[in-house]
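Here numbering that gives the first Met the number 0 is used: the first residue of the sequence shown is 0, the next is one more, and so on.
Step one of this worksheet: look at the structure below.
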Amino acid sequence: MLAPRDDVVDRSTQPCQAAWSSPAAGEKVPFMALGRKPLKRRVTRDGPTLMASLLVSVLVLWGFVADQHPDPPSPQLSAESVRVFPTPQSIEAARTSVSLHGRVVIDRGPGTDNAALEIVTQMIAEAGGTLEAPGAAGYKTSHTRVYIGTPEDNLSIGPALAAMDVDNAEALDKPEGYVLAAGWDGRQPAIVLAGHDQDGVYYAAQTLRQVAEDSGGVPVVIRDWPLMSIRGVVEGFYGSPWTHQARLDQLEFYGRQKLNTYMYSPKNDALLRGEWRQQYTGRQLEELSELIQGAARNHVRFVFALSPGMDICYSDKADLESALGKMQAVHELGVKTFAVALDDIDLGLQCMDDRAANVAGERGLAAAQAAFLNSINRQFVQENPDVNPLEMVPTKFNGVETDPYREELGAKLDAGVLVQWTGPDIVSPTITPESAKAASLAYGTPDQPRRIFLWDNYPVNDFAPDRLFLGPVVGRNRDLYTVVPGITANPMVQPYASMPALASFADYMWNGPGSDGEDSLNAALEGIAGPDKDVQDAVKTFADLNRHWTIDELTAKSPLLAADMEEFWRSYEAGTFDDSALERRAATISRLPDVLSRVSVQGFRNDAIHWIDSAASYGDALQGAITMLAAAAEGDAVAVTDARSVLDTAVGRANQATQPAIDSPQLKPRVGDGLFEAFLERAILESDRRLGR
Numbered sequence: 000m001l002a003p004r005d006d007v008v009d010r011s012t013q014p015c016q017a018a019w020s021s022p023a024a025g026e027k028v029p030f031m032a033l034g035r036k037p038l039k040r041r042v043t044r045d046g047p048t049l050m051a052s053l054l055v056s057v058l059v060l061w062g063f064v065a066d067q068h069p070d071p072p073s074p075q076l077s078a079e080s081v082r083v084f085p086t087p088q089s090i091e092a093a094r095t096s097v098s099l100h101g102r103v104v105i106d107r108g109p110g111t112d113n114a115a116l117e118i119v120t121q122m123i124a125e126a127g128g129t130l131e132a133p134g135a136a137g138y139k140t141s142h143t144r145v146y147i148g149t150p151e152d153n154l155s156i157g158p159a160l161a162a163m164d165v166d167n168a169e170a171l172d173k174p175e176g177y178v179l180a181a182g183w184d185g186r187q188p189a190i191v192l193a194g195h196d197q198d199g200v201y202y203a204a205q206t207l208r209q210v211a212e213d214s215g216g217v218p219v220v221i222r223d224w225p226l227m228s229i230r231g232v233v234e235g236f237y238g239s240p241w242t243h244q245a246r247l248d249q250l251e252f253y254g255r256q257k258l259n260t261y262m263y264s265p266k267n268d269a270l271l272r273g274e275w276r277q278q279y280t281g282r283q284l285e286e287l288s289e290l291i292q293g294a295a296r297n298h299v300r301f302v303f304a305l306s307p308g309m310d311i312c313y314s315d316k317a318d319l320e321s322a323l324g325k326m327q328a329v330h331e332l333g334v335k336t337f338a339v340a341l342d343d344i345d346l347g348l349q350c351m352d353d354r355a356a357n358v359a360g361e362r363g364l365a366a367a368q369a370a371f372l373n374s375i376n377r378q379f380v381q382e383n384p385d386v387n388p389l390e391m392v393p394t395k396f397n398g399v400e401t402d403p404y405r406e407e408l409g410a411k412l413d414a415g416v417l418v419q420w421t422g423p424d425i426v427s428p429t430i431t432p433e434s435a436k437a438a439s440l441a442y443g444t445p446d447q448p449r450r451i452f453l454w455d456n457y458p459v460n461d462f463a464p465d466r467l468f469l470g471p472v473v474g475r476n477r478d479l480y481t482v483v484p485g486i487t488a489n490p491m492v493q494p495y496a497s498m499p500a501l502a503s504f505a506d507y508m509w510n511g512p513g514s515d516g517e518d519s520l521n522a523a524l525e526g527i528a529g530p531d532k533d534v535q536d537a538v539k540t541f542a543d544l545n546r547h548w549t550i551d552e553l554t555a556k557s558p559l560l561a562a563d564m565e566e567f568w569r570s571y572e573a574g575t576f577d578d579s580a581l582e583r584r585a586a587t588i589s590r591l592p593d594v595l596s597r598v599s600v601q602g603f604r605n606d607a608i609h610w611i612d613s614a615a616s617y618g619d620a621l622q623g624a625i626t627m628l629a630a631a632a633e634g635d636a637v638a639v640t641d642a643r644s645v646l647d648t649a650v651g652r653a654n655q656a657t658q659p660a661i662d663s664p665q666l667k668p669r670v671g672d673g674l675f676e677a678f679l680e681r682a683i684l685e686s687d688r689r690l691g692r
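Here is the structure:
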């Protein structure tokens, strides 16, 4: 955490000036700088745009501290260079751009979020700026001033925005909303990071990170707020557990993507499921506490999801006390949101007391569950003012039809308890407002529909462990936010490989109507790759080979590879034999193991290494097939035989089972969505035909 300098004036009841220390020399930015794109358009809810080529005027900042030591000139800023994800509600060119290069003063309120201040000081340092304290030797009122906080906590913000003629009412009236603006506050160049609340202040700082990394300052005015209040991830898959470090890295990533929820529900944590009555102790307790703290640091709600359904007796007071005691212990660690997950269990009551107290069948199960949940809600949630509404996952967690289980649950469960729903299906290709409304009625009553939100089973791959799903989220109606308050996406067993799809989810959850899954996905892929253009191209080439969502035939199968293959066969059949585009792609695929060893986020490479190696082998096979076809066209049987040998050897490597699995032998990683196999088969047949075999 940062501490104010001794000579800083901190005034919360009048316009104030404060400075904060910059990061230590050599300190690096947290590694996941994902989610930025060139500002091709200016997005607003009403749809107006500005010319993408608009260059914002340059403000020459700060005169001389002493006549012989002028501040260096500020770099030119352009609105065209701005990259922001999730897509803001409104973004436009500022009348005056302001650089962070030079002497900078931070003006903050006493309650301003420390994590936001850390980001701001870091960006000032990276832009070449130097923090100054008001009244310090050489201090000038012409230095750039950065105002940060809420208007209530920092009374300088309102006058600064008024001086810039920036209307902020809608953004600052919305929870988690914020304004990031640049201009002239009447005395000096200024940047304002204003939030409705401290979450909004933090998100303003995260947006500053993206803007300043691209431009070195702020050439825009952004008014922004989320359309969904629950935006996050549920670690709810079966398979190899995430490591503790991977979870911490995920939480940092969520903060950068403005995801505000992490539901801790790993199926492998026995203390959530089979041993749910026992308390966390030792190293497990330490790691849980670290995760809770990491979530808070990144403005992420940590949701503790207890899963007692495998052996619970709902009417047993001892089981209720065990659940309450477990929640109380976790509450003391800082958790304020709790869920009870009753998924993936039998649709019947297990203990004699439950059977005696309830009717048989699904209706009795729902009644017993509702009584148990109501006790938790009334004895724990409602008794702790800082605890958020209780959440639950029903045993029948998908579908939209009314049935005895949902009818009983809707009638008996306290109205304030939120229900998670996976959509019309367990893994749902499409989810619409209409299906969500029907589910809300099914889990509620005609007079009081249930408040539900989505447990979205994309990009989870526990049902297809030989696949990676590296495409954007699809099939979710852009107006879904009007019916459900939010989504938690279930990721893959591979945490870092899940990041591209989760970035597209973050864009969708924040601003469904304005989101672009392809753009947010590509920005995340570029962030994983790092600044090297060759590595970025390689990451995108690899992602193209792993896009097809197996349960949805509407998603394209390796579209870039498919396009090059189709063009190749068109030219081949026309007799022109233009293999250039496909040959380049095949060569890039062959080099993936080497090039992807240089990605900035090494966790991505480690997650995907077996798929990367398999893809490279197919790249070699593809090059062999192209050589074989060229030789066959010239009637060179010897060259055909040599190329066929290369092809066969490469396919043998690609078909090796190298991916570890928990409950089965090692798996063969599947890449290319079947396109490699189809092309190679056709190439062999065509080569044999040409040689009359």
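Yeah, the Cβ is synthetic: ideal placement off N, Cα and C, and Gly gets one too.
No experiment lies behind these values; they were computed from the predicted model shown.
Helix, strand or coil at residue i [DSSP, three-state]
i, result
"residue 655", "coil"
"residue 548", "coil"
"residue 229", "strand"
"residue 419", "strand"
"residue 685", "helix"
"residue 639", "helix"
"residue 329", "helix"
"residue 462", "coil"
"residue 452", "strand"
"residue 46", "For residue 46, the predicted model reports a pLDDT of 38, less than 50, meaning its position is unreliable; a value from the coordinates is still stated below. In the structure shown, residue 46 sits in coil (DSSP, three-state: anything other than H, G, I, E or B)."
"residue 182", "strand"
"residue 553", "coil"
"residue 663", "coil"
"residue 147", "strand"
"residue 156", "helix"
"residue 347", "coil"
"residue 90", "strand"
"residue 164", "coil"
Residue span of the alpha helix (DSSP H) that contains residue i, given as start and end
i, result
"residue 282", "281–296"
"residue 405", "403–411"
"residue 367", "360–375"
"residue 425", "No alpha helix (DSSP H) holds residue 425; DSSP gives it neither H nor E."
Exposure of residue i, with buried meaning 16 or more beta-carbon neighbours within 10 Å
i, result
"residue 257", "buried"
"residue 449", "buried"
"residue 524", "buried"
"residue 725", "Outside the displayed range of the chain (0 to 692) lies residue 725, so it cannot be described from this structure."
"residue 658", "buried"
"residue 661", "exposed"
"residue 285", "exposed"
"residue 172", "exposed"
"residue 572", "exposed"
"residue 513", "buried"
"residue 324", "exposed"
"residue 223", "buried"
"residue 557", "buried"
"residue 565", "exposed"
"residue 131", "buried"
Opening and closing residue of the beta strand (DSSP E) in which residue i lies
i, result
"residue 270", "That residue, residue 270, is in no beta strand (DSSP E); it is neither H nor E in DSSP."
"residue 390", "390–392"
"residue 263", "260–263"
"residue 216", "216–223"
Cβ-Cβ separation, residue j to residue i (assumed contact under 8 Å), whole Å
i, j, result
"residue 193", "residue 93", "No, residue 193 and residue 93 are not in contact; Cβ-Cβ is about 15 Å, not under 8 Å."
"residue 264", "residue 220", "The pair is not a contact, with the Cβ atoms about 40 Å apart (cut-off 8 Å)."
"residue 693", "residue 632", "Because the chain is modelled from 0 through 692, residue 693 falls outside the range shown and cannot be assessed."
"residue 516", "residue 471", "3 Å"
"residue 645", "residue 619", "7 Å"
"residue 373", "residue 336", "The Cβ separation is near 18 Å, so there is no contact."
"residue 247", "residue 293", "5 Å"
"residue 148", "residue 111", "4 Å"
"residue 368", "residue 408", "7 Å"
"residue 189", "residue 302", "Contact flag wrong, Cβ pair sits at about 38 Å."
"residue 399", "residue 434", "5 Å"
Closer than 7 Å: residue i CB and nearest the ligand NAD heavy atom
i, result
"residue 493", "Inclusion of the ligand NAD in the displayed structure is not the case, the ligand content being empty and no account of it being possible."
Check whether the stretch 308–316 touches the stretch 341–354, counting contact only when three or more Cβ pairs, one atom from each stretch, lie closer than 8 Å. yes
Measuring CB atoms only, is the stretch 83–91 touching the stretch 500–517, in the sense that at least three cross pairs come out at less than 8 Å? Because the criterion of three Cβ pairs below 8 Å is met, the stretch 83–91 and the stretch 500–517 touch.
Taking 8 Å as the threshold, find out whether the stretch 229–243 comes into contact with the stretch 474–492 through three or more Cβ pairs. yes
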